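The structure under discussion appears below in the form of structure tokens.
Written as structure tokens, this is what we have:
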């Protein structure tokens, strides 16, 4: 069987892609903060918040497709609901063809459903928060174009799962970078020509097409096209069978995502209803920047998912422990350093770029960074658990999500704690179970201690650094 590995080029391009993966993130943020009014900045965060609901429409299929593509390219001859079935040294191209066909059909349905959901539910919410579309120029057109952009973003997203599952990590990042580069060119160009928030919507609409174009070219080599073309993948019963296998774990992941969304994003909806657009911009800015920091810090673990899955298939526990240990130490170092910089100098940097929105107080920002550090930490351990094709997170995620929703409602309705209260509710609910449960389970599965993981990861990194010097 073939082991999927991660090389230096994969890592370099993955970090670059992570910096660009949030279209309104680090690179476009200064332009948005400088060129848009406070009300437009607030609406921009509301768009991102409402649009992020659509991540739930994926229903947990993205990680399932990525992991099962990895299994097929690693030699799996059948797909199973749990664990890995028969394997071989050869790729089963017929199975691959059916997996690709299933992905296309599922994402076509999901994309259409997402558009209907956005227009039916999102429109009244945007109407209310913008006082009948009156607070921001062209707000209704911005929303409609943005919604169709989300449609195409979802429909073409399975191409990135294909590349990641095939171990073409560098190529997947090329496609992501190309997508986001075009997004930024359109957005920044539009802002400087007076397009306002409409520039964000147009960039969202156009960029998915270019990302799909690049992903298709990188995935379908001439050889792969020839081998897949020999299999028509027209048997409906087999497509339905694959769907049921994927849905077995996807529904668990979907429930987990609903819980995670309630934990991380429900506060944004409540804040949008109870806070002014200016205060909402401050809260949204904090969530965005800390989220970007977490995404960058977790990049090495994210791109190592195919490797974790491949090592699980090969039952190579020692190498799996080593790979995860390195990834975890990298996360700790990057997140802690980034948090310190953000807390101490965040608002000073915003002053330099003449931002029209600023971060909350240092106390709130420090607490939020600590809450998200633990959140990303247990999510990293959850990735390790899921590499063995087991998804036990759903019940805990949904219960935690419900508790967060209840807590946030009570805070905003009956107290004056404001943003601090929203942050504390999230942190307390997570610390009650998820922050410690998944690390303990992952370490138990590997039969190692937390101390061993830390020492082992540091040792490997130090040795590799000394060798490089």
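Residue numbers (my numbering): 32 to 500.
Yeah, the Cβ is synthetic: ideal placement off N, Cα and C, and Gly gets one too.
Here the structure is a predicted model, which means the values were calculated and not measured.
- Residue burial is scored here from C-beta neighbours: residue 155 has fewer than 16 other C-beta atoms within 10 angstroms and is therefore classed as exposed.
- Straight across, the Cα-Cα distance linking residue 281 with residue 274 is about 10 Å.
- Residue 471 sits exposed, since fewer than 16 C-beta atoms from the chains shown fall within 10 Å of its C-beta.
- Distance from the CA of residue 252 to the CA of residue 243, rounded to the nearest whole angstrom, comes to 15 Å.
- Under the three-state reduction of DSSP output, residue 281 falls in the helix class.
- If one requires a minimum length of 3 residues, no beta strand (DSSP E) run lies completely within the region 130 to 195.
- DSSP places residue 400 inside the alpha helix (DSSP H), whose first and last residues are 393 to 417.
- Contact between the region 250 to 264 and the region 377 to 395 is absent, with fewer than three C-beta pairs closer than 8 Å.
- Taking a C-beta distance under 8 Å as the contact criterion, residue 354 and residue 339 qualify as a contact pair.
- Non-local C-beta neighbours of residue 194 in its own chain, meaning closer than 8 Å and more than five positions away in sequence, comprise 200, 202, 203, 206, 246, 249 and 250, ordered along the chain.
- In this chain, the alpha helix (DSSP H) harbouring residue 216 covers 200 to 223.
- The continuous alpha helix (DSSP H) containing residue 331 extends over residues 330 to 334.
- Counting C-beta pairs with one atom in each stretch, the region 481 to 499 and the region 412 to 431 have fewer than three that are closer than 8 Å, which means they do not touch.
- In chain order, 169 and 173 place their CB closer than 6 Å to the CB of residue 229, counting only its own chain and leaving out the 5 sequence neighbours on each side.
- Taking the CA atoms as reference points, residue 277 sits about 35 Å from residue 215.
- Per DSSP, the continuous alpha helix (DSSP H) segment holding residue 460 begins and ends at 449 to 462.
- Between residue 408 and residue 69, the beta carbon gap of about 34 Å keeps them out of contact (Cβ cut-off 8 Å).
- Here the C-alpha atom of residue 97 lies approximately 19 Å from the C-alpha atom of residue 208.
- The C-beta distance from residue 180 to residue 95 rounds to 25 Å, too long to fall under 8 Å, and the pair is not in contact.
- If you ignore the 5 residues before and after residue 112, its C-beta comes within less than 6 Å of the C-beta of 276 and 279, all in its own chain and listed in chain order.
- An exposed status is given to residue 140, since fewer than 16 other beta-carbon atoms sit within 10 Å of its beta-carbon.
- Rounded to whole angstroms, the Cβ separation of residue 312 and residue 76 is 6 Å, and the two are in contact under 8 Å.
- When the alpha-carbon of residue 370 is set against those of 382, 346 and 404, the nearest one is in 404.
- Counted as a single uninterrupted DSSP element, the alpha helix (DSSP H) harbouring residue 348 occupies residues 348 to 383.
- Rounded to the nearest whole angstrom, the CA to CA distance from residue 465 to residue 473 is 12 Å.
- DSSP places residue 345 in no alpha helix (DSSP H); its state is neither H nor E.
- Between residue 93 and the set 137, 461, 357 and 182, the nearest pair of CA atoms involves 137.
- Here residue 343 is not near residue 484, since their CB atoms are 8 Å or more apart.
- Residue 459 sits away from residue 395, with the two beta carbons spaced by 8 Å or more.
- The region 124 to 136 and the region 99 to 110 touch, with no fewer than 3 CB-CB distances between them shorter than 8 Å.
- Contact annotation, residue 213 with residue 191: C-beta distance approximately 15 Å; criterion of less than 8 Å not satisfied.
- The residue from 397, 315 and 422 with its alpha-carbon nearest to that of residue 455 is 397.
- Annotation: the continuous alpha helix (DSSP H) that includes residue 239 extends over 229 to 250.
- The C-beta distance from residue 329 to residue 363 rounds to 11 Å, too long to meet the 8 Å contact threshold.
- A distance below 7 Å between beta-carbons, with the five flanking residues on each side excluded, links residue 150 to the following residues of its chain, in chain order: 178.
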